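Please read the structure below before turning to the comments.
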């Protein structure tokens, strides 16, 4: 069975359109997944940043508490003498 040139062009154009639609759908899904992964990574980075700030603040608090304890001990020793 011999197809006319017009019929062949219509079939090939339809196949090309379906391939383009499928590729667009796949790429859209892939980009959406990557955007979601980027959002999760940003959220994890924010949590890590908060944890780092808390660690620094705790270290400073520990330093000042130690300094206060040493000062109070020195004052108590001076009063005892």
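In the working numbering, the protein residues as written are 417 to 497.
A virtual CB, placed ideally from N, CA and C, is assigned to each residue, including glycine.
Note that the coordinates shown come from a computational prediction; the quantities given were computed from them, not determined experimentally.
Any idea what DSSP makes of residue i, helix, strand or coil?
i	result
residue 485	helix
residue 437	helix
residue 514	With the chain covering only 417 through 497, there is no way to say anything about residue 514.
residue 418	coil
Can you give me the C-alpha to C-alpha distance between residue i and residue j, rounded to a whole angstrom?
i	j	result
residue 495	residue 482	20 Å
residue 461	residue 476	23 Å
residue 467	residue 427	60 Å
residue 447	residue 418	43 Å
residue 455	residue 449	10 Å
residue 442	residue 457	23 Å
residue 430	residue 463	50 Å
residue 436	residue 445	14 Å
residue 473	residue 492	28 Å
residue 490	residue 497	11 Å
residue 465	residue 484	29 Å
residue 434	residue 451	26 Å
residue 480	residue 470	15 Å
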